[in-house]
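Trainee: Sequences listed follow chains A and B, in order.
Residues in the first sequence are numbered consecutively from 1, following UniProt numbering.
Residues in the second sequence are numbered consecutively from 1, following UniProt numbering.
There are 2 protein chains.
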Amino acid sequence: MFASPPAPQKAPRPVSSTSDIENLIELMAKLPGLGPRSARRAVLHLIRKRALLLTPLADSLQIVAETARECLNCGNVGTTEICDICQSEKRATGELCVVEDVADLWAMERASVFRGRYHVLGGTLSALDSIGPEQLRIPRLLNRVASEQITEVILALNATIDGQTTAHYIADQLNGRVRLTSLAQGVPIGGELDYLDDGTITAALNARKEI
Amino acid sequence: MFASPPAPQKAPRPVSSTSDIENLIELMAKLPGLGPRSARRAVLHLIRKRALLLTPLADSLQIVAETARECLNCGNVGTTEICDICQSEKRATGELCVVEDVADLWAMERASVFRGRYHVLGGTLSALDSIGPEQLRIPRLLNRVASEQITEVILALNATIDGQTTAHYIADQLNGRVRLTSLAQGVPIGGELDYLDDGTITAALNARKEI
Ligand SMILES: [Zn+2]
Ligand SMILES: [Zn+2]
C-alpha cells in the first residue's frame, strides 16, 4: 500500500556526467527481476533504442509517477480516486471478488471472465509478520458488503497457507450475511493466481463452489 | 550502435488514464530480461515505491535520454563527445584494449586492473549476418593504432567463434605494426567477458600472452 501522490515538484536537473548512467543502472537494479548485470544490459539496450524505447519509457514513467494512485474503494491501482471498475455501472453485478494483490486483480481481468467488482486486501493475515485485519483492507471489505448491493463474495485468494487462513477469517466474518464462494477447480496447491494462465483462471471461476 | 542524441523535444503530455499504466507495462516488457509478467510486477513495485524509486527512475531516464552518447573516438557510452577515459591523460599508457561491446568495457573497468584505453568494436565479424569490418569500428581501430601512440593492442574479445574470428582478422591487419596480445588464462571456452567475475578478468589480463 502507498500514500496518495504528492503534488508534482521538479528538482533542478543536475549537470550531466557519466555517473548519470551509473545512477540509472543502480535504480534499474532495484526492480524486481533485475540484478546489477541485467540492469546494465537493460541500460545499454535503452541507450541504443533511445527514440523507440528510452524516451517513451522516461515519459511514461513520469506520467505514471504523477498520476498513479490506489482506488479509495477497492485498492486497485489506477489514475483516479475511484478506479474505472468501481465507477462502471456495468460492473455493479453484486459479485465482489476478493484478491490479495493488484497483480491478482490484473490476472483476473486478463482472463476476461469476471464481470463484477474487486476488493484488493493488500496482502494476507500473518501472525509471523504481525499483519492483522486492520493492516489489510478487511474492515473496508466488511463495510462494502454491508453498504453496497453485494450478493456474492468470491474469495480468490492464493492457495497458500496464509491465503487460505485469510479466506477462512473473512468467511467467518461474513458468514450468513452473503453468498460466499471460492475459486475451486484448477488452482494448484501452493499456486499463486498471477502465475496461472487465463484458461485455468476461467475454469476455476466457472467451477467455483460454496464455502 | 546508435545515432547522436536528437535535439530534446517535448511532446504535449497526454491526458492520464488507466491505459498509461498499461502503456508503461508494455514498454517495460521490451527490456531484456523482463517479460510481460515481470514487467507487471516491476510496475506495481514502482507505483508502491513512488518517492524512492519511480520518480527517481523517471528523472534518471529523462537525463540519460537527453545526454547519453557514444564516444566518437572509442565507442564507449558516456555523456560527452569524447568519453572520460579517452580524455584522461592518465589513461594514455599506449595500451589499447579492444572489446566487442560497451558491457565488456564496463566489465573490464569493474575489475580495475587495466589502466589504458579501449576500443569498442560494436560487435563481431559475421558472414551469416553480413557484418564485415566496415560495419564495426575496425577501420577506426587501424586508424587509432596509426595515429595514437599505441604500443600494445590487447584483443579482449569473447571466446566465441565469431569473437575469435574477429580477433584473428584484426591481428592480421595489425601484424608487425604493434605488440599484439590477447586475454589468456581464465576465460572459459565459449565464455563471455561480461559474465566473468572481476578476479577472473584480472587473472586473464595479468597472464595475457603474445599472439
Ligand atoms: Zn476500485
Ligand atoms: Zn572514448
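Even glycine gets a Cβ: it sits at the ideal position worked out from N, Cα and C.
Note that the structure is predicted; figures quoted are calculated from it, not measured.
1. Looking only at its chain, what residues have a beta carbon closer than 7 Å to the beta carbon of D162 (chain B), apart from the 5 residues adjacent to it on each side?
2. Taking Cβ-Cβ distances shorter than 9 Å, what residues in chain A pair up with D129 (chain B)?
3. Quick one: grab the DSSP three-state call for Y195 (chain A).
4. Just by C-beta distance, which residues in the stretch 25 to 42 of chain B are closer than 8 Å to chain E?
5. Kindly list, in the order they appear in chain B, the residues whose Cβ is closer than 8 Å to that of H45 (chain A).
6. DSSP has S126 (chain B) in a bridge; who is on the other side?
7. Looking at N76 (chain B) and ligand 2, is the gap between the Cβ and the nearest heavy atom below 7 Å?
8. What are the residues that DSSP puts in a beta bridge with E95 (chain B)?
9. Locate the alpha helix (DSSP H) running through R48 (chain B), then write down its first and last residues.
10. Just mark Y195 (chain B) as buried or exposed, buried being the case when its beta carbon has 16 or more other beta carbons within 10 Å.
11. Compare the C-beta of S60 (chain A) with all C-beta atoms of chain B and state if any pair is closer than 8 Å.
12. Rounded to whole angstroms, what's the CA-CA distance from R40 (chain A) to V102 (chain B)? Just pull it up for me.
13. Go ahead and label G199 (chain B) buried or exposed: buried means 16 or more other beta carbons lie within 10 angstroms of its beta carbon, across all protein chains shown.
14. Check whether the Cβ of R117 (chain A) lies closer than 8 Å to any Cβ atom in chain B.
15. So R110 (chain A) is in the alpha helix (DSSP H); what residue range does that whole segment cover?
16. Buried or exposed: D129 (chain B), going by 16 or more other Cβ atoms within 10 Å of its Cβ?
17. Within 8 Å of any Cβ in chain A, is that where the Cβ of N206 (chain B) sits?
18. Using a Cβ-Cβ cut-off of 7 Å (strictly less than) and excluding sequence neighbours within five positions of V15 (chain A), which residues of its own chain qualify?
19. Tell me which same chain residues have a C-beta within less than 7 Å of the C-beta of A105 (chain A), skipping the five on either side of it?
20. Check the Cβ of N23 (chain A) against every Cβ in chain B and list those closer than 9 Å, keeping chain order.
21. Count the other C-beta atoms from every protein chain shown that fall within 10 angstroms of the C-beta of D20 (chain A), then say buried if there are 16 or more, exposed otherwise.
22. Excluding the 5 residues flanking A7 (chain A) on each side, which residues of the same chain have their C-beta closer than 8 Å to its C-beta?
23. Please compile the residues from chain A whose C-beta is within a distance smaller than 8 Å of the C-beta of L136 (chain B).
24. Could you check whether L136 (chain B) and L155 (chain B) sit closer than 8 Å to each other, using their CB atoms as the reference points?
25. Measuring CA to CA, which of A:R177, A:E152, A:H45 and A:I170 is closest to P133 (chain A)?
26. At a CB-CB cut-off below 8 Å, which residues of chain B make contact with V102 (chain A)?
27. Can you name, in chain order, every residue of its own chain whose Cβ lies under 7 Å from the Cβ of A167 (chain B), other than the five neighbours on each side?
28. Taking only the alpha-carbon atoms, compute the straight-line gap between Q173 (chain A) and G116 (chain A) and give it to the nearest angstrom.
29. Which partner residues does R137 (chain B) have in the DSSP bridge list?
30. How about A107 (chain B) and I201 (chain B): are their beta carbons less than 8 Å apart?
31. For R144 (chain B), would you say it is in contact with chain A, using Cβ-to-Cβ distances shorter than 8 Å as the test?
32. According to DSSP, Y118 (chain B) sits in a beta bridge with which residue or residues?
33. Runs of 4 residues minimum, wholly inside the stretch 54 to 93 of chain B: which ones carry the alpha helix (DSSP H) assignment?
34. Give the interface partners of L53 (chain A) over in chain B, defined as CB-CB distance under 9 Å, in chain order.
35. Excluding the five sequence neighbours on either side, which residues of its own chain have a C-beta within less than 6 Å of the C-beta of N206 (chain A), listed in chain order?
Mentor: On the basis of the data shown:
1. The residue labelled residue 162 (chain B) in the question sits at position 162 within the second sequence. The answer, listed in chain order, is T124, L125 and S126.
2. In the second sequence, counting from the first residue as 1, residue 129 (chain B) sits at position 129. Ordered by position in chain A, no residue passes the 9 Å Cβ test against D129 (chain B), which lies about 16 Å from the chain.
3. Position 195 of the first sequence, counting from 1, holds the residue named residue 195 (chain A). Y195 (chain A): helix per DSSP, three-state reduction.
4. Absent from the structure: chain E. Protein chains present are A and B.
5. To locate residue 45 (chain A), count along the first sequence from 1; it is residue 45. Result: L31 and P32.
6. As a working mapping, residue 126 (chain B) is identified with position 126 in the second sequence. Paired residue(s): B:I131.
7. Walking along the second sequence from the start, residue 76 (chain B) turns up at place 76. Yes, the beta carbon of N76 (chain B) sits closer than 7 Å to at least one heavy atom of ligand 2.
8. As a working note, residue 95 (chain B) is residue 95 in the second sequence. By DSSP's assignment, E95 (chain B) forms a beta bridge with B:E152.
9. Residue mapping note: residue 48 (chain B) aligns to position 48 of the second sequence, counting from 1. Counted as a single uninterrupted DSSP element, the alpha helix (DSSP H) harbouring R48 (chain B) occupies residues P36 to R48.
10. As a position in the second sequence, residue 195 (chain B) is number 195, starting the count at 1. By the 10 Å Cβ count, Y195 (chain B) comes out exposed.
11. For the purposes of this step, residue 60 (chain A) is taken as residue 60 along the first sequence, with counting starting at 1. Under the 8 Å criterion on CB atoms, S60 (chain A) is classed as interfacial with respect to chain B.
12. Taking the first sequence and counting its residues from 1, the one referred to as residue 40 (chain A) is at position 40. Taking the second sequence and counting its residues from 1, the one referred to as residue 102 (chain B) is at position 102. Straight-line Cα distance between these residues: approximately 10 Å.
13. Here residue 199 (chain B) is taken as the residue at index 199 of the second sequence, counted from 1. Exposed.
14. Position 117 of the first sequence, counted from the first residue, corresponds to residue 117 (chain A). With respect to chain B, the C-beta atom of R117 (chain A) has no partner C-beta closer than 8 Å.
15. Locating residue 110 (chain A) in the first sequence gives position 110, where the first residue counts as 1. Bounds of the alpha helix (DSSP H) holding R110 (chain A) are V102 to A111.
16. Indexing the second sequence from 1 puts residue 129 (chain B) at position 129. By the 10 Å Cβ count, D129 (chain B) comes out exposed.
17. On the second sequence, residue 206 (chain B) is found 206 positions in, with the first residue counted as 1. N206 (chain B) does not count as touching chain A.
18. Here the question's residue 15 (chain A) lines up with position 15 in the first sequence. At V15 (chain A), the pLDDT of 39 sits below 50, so the modelled position is not reliable; the number obtained from the coordinates is stated separately. Counting only Cβ-Cβ distances below 7 Å, and skipping sequence neighbours, we find nothing.
19. Looking up residue 105 (chain A) in the first sequence gives position 105. According to the sequence as given, residue 105 (chain A) is Leu; it is not Ala. N76, V99, Y118 and V120.
20. Within the first sequence, numbered from 1, the residue matching residue 23 (chain A) stands at position 23. Result: P56, S60, I63 and V64.
21. Reading the first sequence from its first residue, position 20 is the one you call residue 20 (chain A). D20 (chain A) counts as buried, since no fewer than 16 other beta carbons sit within 10 angstroms of its beta carbon.
22. One-based indexing of the first sequence puts residue 7 (chain A) at position 7. Only weak support exists for where A7 (chain A) lies, its pLDDT of 45 falling under 50; the value from the coordinates is given anyway. Once the five neighbours on either side are set aside, A7 (chain A) has no close Cβ partner at all.
23. Within the second sequence, numbered from 1, the residue matching residue 136 (chain B) stands at position 136. Chain-ordered listing is empty here: chain A has no CB closer than 8 Å to the CB of L136 (chain B), the nearest sitting near 15 Å.
24. By one-based count along the second sequence, residue 155 (chain B) stands at place 155. By one-based count along the second sequence, residue 136 (chain B) stands at place 136. No Cβ-Cβ contact shorter than 8 Å links L155 (chain B) with L136 (chain B).
25. Along the first sequence, one-based indexing puts residue 133 (chain A) at 133. The shortest Cα separation from P133 (chain A) among A:R177, A:E152, A:H45 and A:I170 belongs to A:I170.
26. Counting from 1 along the first sequence, the entry for residue 102 (chain A) is found at position 102. Simply L44.
27. On the second sequence, residue 167 (chain B) is found 167 positions in, with the first residue counted as 1. So the list reads L155, L157 and S182, once near-sequence residues are dropped.
28. If you number the first sequence from 1, residue 173 (chain A) lands on position 173. If you number the first sequence from 1, residue 116 (chain A) lands on position 116. Near 21 Å, if we compare the C-alpha coordinates of G116 (chain A) and Q173 (chain A).
29. Locating residue 137 (chain B) in the second sequence gives position 137, where the first residue counts as 1. Listed as beta-bridge partners of R137 (chain B) by DSSP are no residues whatsoever.
30. Here residue 107 (chain B) corresponds to residue number 107 of the second sequence, with the count starting at 1. Here residue 201 (chain B) corresponds to residue number 201 of the second sequence, with the count starting at 1. Yes; because the gap between Cβ atoms is below 8 Å, this pair is in contact.
31. Locating residue 144 (chain B) in the second sequence gives position 144, where the first residue counts as 1. Contacts with chain A at 8 Å (Cβ-Cβ) do not include R144 (chain B).
32. The sequence position of residue 118 (chain B) within the second sequence is 118, counting from 1. Under DSSP, the beta-bridge partners assigned to Y118 (chain B) are B:C97.
33. You should have 55 to 67 and 84 to 87.
34. Start at 1 with the first residue of the first sequence, and residue 53 (chain A) comes out as number 53. Neighbourhood of L53 (chain A) in chain B, by CB distance below 9 Å: L27, K30 and L31, in chain order.
35. Looking up residue 206 (chain A) in the first sequence gives position 206. Shown here for N206 (chain A): not one same chain residue has a beta carbon closer than 6 Å to its own, the five before and five after excluded.
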